[in-house]
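The structure under discussion appears below in the form of structure tokens.
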Amino acid sequence: MSYSFLDFMCLLGSVGLFLYGMKVMSEGLQKAAGDRLRNILSAMTRNRFTGLITGILITALIQSSSASTVMVVSFVNAGLMSLAQSMAVIFGANVGTTFTAWVIALFGFKVNISAFVLPLIGISIPLLFMSSSRNKSIGEFFIGFAFLFMGLDMISTYVPDLQSNPEMFEFLQRYTSMGYWSVLIFLFVGIVLTMVIQSSAATFAITLIMCSKGWIGFDLSCALVLGSNIGTTITPLMASMGGNVAAKRTAMGHLLFNMLGTLWTLAIFYPFVELTEWLTEVFGQGDPAALQSYVNSIEQSDPEIYNHLFDNSLPVAHPVVAKVAAMQQSVSIGLSVFHTVFNIINLLIMIWFTGLYVKIVERLIPSKHKEDEEFQLKFISGGLMNAAELNISQAEKEIVVYAQRVQRMVGMSQNLVHTKEGSEDFSHQFSRIEKYEEISDRMELEIAGYLNRVVEGRLSNEGKHRIASLLRIVSEIESIADSCYGVAKIMMRKQENHVKFSEEIYTNVDSMFISVEASMTNMILLLGDIENVRQKDLITSYNLERETNNLRNQFRADNMENINEHRYEYQAGIYYMDIIGTLEKTGDYVINVVDEIKTQMRSSQKEN
């Protein structure tokens, strides 16, 4: 029976079902856990060892090293985790991903798939239609789990039967009998296969099936698994492309870690495989390397049995079938042992060189712009301290840094207004503002989360009022960032519609920017020393806000007259007023922060 194109498409569909099941299962679990996974990940990375344990547990839980590593890359991109902290989590993620291999090895061939997959789907369906989002997520987890094993079973069914395809067998044999070159070839195949399907677990499953059918020897299966460890780093590497330098360094560190581990393993490849075989036998699972030679001996001694060995036509109780099944289990355990031992030894070696790793990665990916290095939590990244009032003080310092970062967006927005539209520089400036806005959102969540954890402790009434006020301040600062991004989006729409501004418009817009910038500068000065704010400092802020409002009113009144006198087009006037209105709104957010500072000042005076 020849292997048709339809069979090949069925194999692709089986791999797709396996990957989809893993995706649904992982996402369902993440949604069911809510923000707790992210909170755990950000809280348990204070040193390399807690970061290591976190990486192992999170990856084992969500069944995807790529997902946990991409999450780490996003944290580093937002400045919520240092490069050294991220390295420890990634080291742990490599060990955590072996949990998936063990699940496949222990249940993939021993369990009758149909016996539990359909009942599991049946249980999942009612959960999917419940009103509770958590129950829906649990239903998604179960249905994903069912799809994963259904896909694994179908991969085994649609993998081509070499007994019926001698041409394919000869092609494979050509590359399995080249000694150490075969190891390198299959290592490369493992890298490419994992890069394409973006799942080391799927590569492991395919490798397991190929080895359990006697296609390739145990040593070449180990080479495929070794290659998958490099291929799996591509997804985080792609995720880092849109991030800052720190994110790129994190992804590069992941690649470097796995590449160095692969290099030392290749240097002692055959002794390492023999160690794996010995460990598998110690566990009472037999020799995983014996299957291929046994299948080959059956081919020589009894071709009739060999031709029906893997098509399920022989009775399960047949002695040859029973022996092959036991050997398949040995192969499954052996590959999992290889995968696990490799990652654990690699971890035990590399964890002591985290500092050196960071230096190497920083040398490989140097900083191009100073701002790439600035997105770090400076005062609250270490977690809560025992003294609640000190925690509030640290949060206040972090808010000042946050406000300074957001103030840069005001300058960026003004630069964008004067940047040549349609140019590469315009796209770069817009992307930069967009990136700052994303970081601003994340910073707001982190600072607010920190303050909410502080308020759970023992605090005075004054402390609780301060936290409530700081939460409102953080929200207003984030709104300023949104406004700056809003100006950028207005300019993007203006560019798309090929609308031109007159010199008068540019001059007036600059006047508004100058007024808003001055308001923000004064606001940051007040934030930096809330306890010593004076009445005249507050008056300065209110005067600046009044100036911004007056400019808005003047420009709005002049706008229709200018359009009627054809000083600029009507459409230009629309975009012009949108920018003026957005900047005036920015001034409102600034004065809202000042109002909160004023409230804090009065509360402090009453206490005294």
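Numbered by the numbering used here, the letters in the sequence shown go through residues 23 to 630 in order.
For each residue, glycine too, the CB sits at the ideal point set by N, CA and C.
Shortest alpha-carbon distance to residue i belongs to which of the options?
| i | options | result |
| --- | --- | --- |
| leucine 573 | Met545, Phe535, Tyr592 | Phe535 |
| alanine 579 | Asn530, Gln622, Ile619, Gln557 | Asn530 |
| glycine 249 | Ser234, Phe226, Ala268 | Phe226 |
| leucine 696 | Leu149, Ala168, Tyr611, Gly253 | The chain is shown from 23 up to 630; residue 696 falls before or after that span and cannot be answered. |
| valine 496 | Leu215, Lys419, Phe452 | Lys419 |
| alanine 245 | Leu285, Ile219, Arg271 | Leu285 |
| glutamine 351 | Leu370, Ile371, Thr302, Ser315 | Thr302 |
| glutamine 517 | Val428, Phe448, Leu547 | Phe448 |
| threonine 562 | Gly550, Leu549, Lys235, Ser541 | Ser541 |
| valine 383 | Thr81, Met47, Ala106 | Ala106 |
| threonine 122 | Val615, Ile355, Tyr507 | Ile355 |
| tyrosine 180 | Asn565, Phe27, Ala312, Arg488 | Phe27 |
| isoleucine 469 | Glu618, Ser524, Val422 | Val422 |
| leucine 428 | Arg556, Leu39, Val555, Ser505 | For the sequence presented, residue 428 should be read as valine rather than leucine. If we check each option's Cα against that of valine 428, Ser505 comes out closest. |
| glutamate 567 | Gln593, Leu206, Ile366, Ser537 | Ser537 |
| isoleucine 527 | Leu549, Gln576, Ala417 | Gln576 |
| glutamate 466 | Ile402, Glu484, Val509 | Ile402 |
| histidine 440 | Ser501, Ile499, Ile414, Met513 | Met513 |
| glutamate 553 | Ile145, Met47, Lys620, Leu313 | Lys620 |
| valine 211 | Leu230, Ile177, Val247 | Val247 |
| aspartate 610 | Ile502, Asn584, Met599 | Ile502 |
| serine 435 | Gln307, Met260, Glu539, Gly308 | Glu539 |
| aspartate 309 | Ala348, Gly275, Phe279, Leu282 | Ala348 |
| valine 346 | Phe360, Met431, Leu313, Lys45 | Leu313 |
| isoleucine 160 | Thr216, Met47, Glu478 | Met47 |
| valine 8 | Phe240, Ser222, Lys235 | As displayed, the chain neither begins before 23 nor continues past 630, which places residue 8 out of reach and without an answer. |
| lysine 442 | Gly508, Ser491, Ala311, His520 | His520 |
| threonine 570 | Phe164, Phe138, Thr604, Leu230 | Thr604 |
Take the Cβ of residue i as the centre, count every other Cβ of all protein chains shown within 10 Å, and call the residue buried at 16 or more, exposed below.
| i | result |
| --- | --- |
| aspartate 532 | exposed |
| serine 445 | exposed |
| alanine 344 | exposed |
| tyrosine 379 | buried |
| valine 218 | exposed |
| proline 341 | exposed |
| glutamine 185 | Residue placement at glutamine 185 is flagged as unreliable, the pLDDT there being 48, under the threshold of 50; the coordinate-derived value follows with that caveat. Result: buried. |
| tyrosine 424 | buried |
| leucine 370 | exposed |
| phenylalanine 294 | buried |
| serine 319 | exposed |
| alanine 110 | buried |
| isoleucine 238 | buried |
| alanine 594 | buried |
| valine 304 | exposed |
| glutamate 395 | Per-residue confidence for glutamate 395 stands at a pLDDT of 42, beneath the threshold of 50, marking its modelled position as unreliable; the derived number appears in the next sentence. So glutamate 395 counts as exposed. |
| glycine 306 | exposed |
| arginine 515 | exposed |
| glycine 201 | exposed |
| glutamate 606 | buried |
| arginine 196 | exposed |
| serine 243 | buried |
| aspartate 324 | exposed |
| serine 221 | buried |
| phenylalanine 164 | buried |
| methionine 623 | buried |
Which whole-angstrom value describes the C-beta separation of residue i and residue j, a residue pair presumed to lie in contact below a C-beta threshold of 8 Å?
| i | j | result |
| --- | --- | --- |
| arginine 224 | leucine 41 | First, the amino acid is wrong: residue 224 is alanine here, not arginine. Contact holds; Cβ gap of about 6 Å. |
| leucine 373 | leucine 74 | First, the residue type needs correcting, since residue 373 is isoleucine and not leucine in the sequence shown. At roughly 6 Å, the Cβ-Cβ gap stays under 8 Å, so isoleucine 373 and leucine 74 are in contact. |
| tyrosine 590 | serine 524 | 4 Å |
| glycine 77 | alanine 115 | 4 Å |
| asparagine 365 | threonine 81 | Actually they are not in contact, since the Cβ atoms of asparagine 365 and threonine 81 sit about 11 Å apart, beyond 8 Å. |
| isoleucine 632 | lysine 270 | Not covered by the structure: residue 632. The range shown for the chain is 23 to 630. |
| leucine 39 | methionine 176 | 6 Å |
| glycine 173 | valine 37 | 7 Å |
| threonine 631 | valine 363 | In the structure as shown, the chain begins at 23 and stops at 630. Residue 631 is therefore absent and cannot be evaluated. |
If you scan the segment 192 to 253 from start to end, which runs of the alpha helix (DSSP H) of 4 or more residues do you find wholly inside it? 202 to 219, 222 to 234, 240 to 253
Runs of alpha helix (DSSP H) lying entirely within the segment 558 to 630, each at least 4 residues, in chain order: 592 to 629
Can you give, in chain order, each stretch of the beta strand (DSSP E) that sits fully within the segment 475 to 537 and has at least 3 residues? none
Can you list, in chain order, the stretches of the beta strand (DSSP E) that have 3 or more residues and sit fully within the segment 413 to 486? none
Ordered list of alpha helix (DSSP H) runs contained in the segment 263 to 331, each at least 4 residues: 267 to 289, 291 to 304, 312 to 323, 325 to 329
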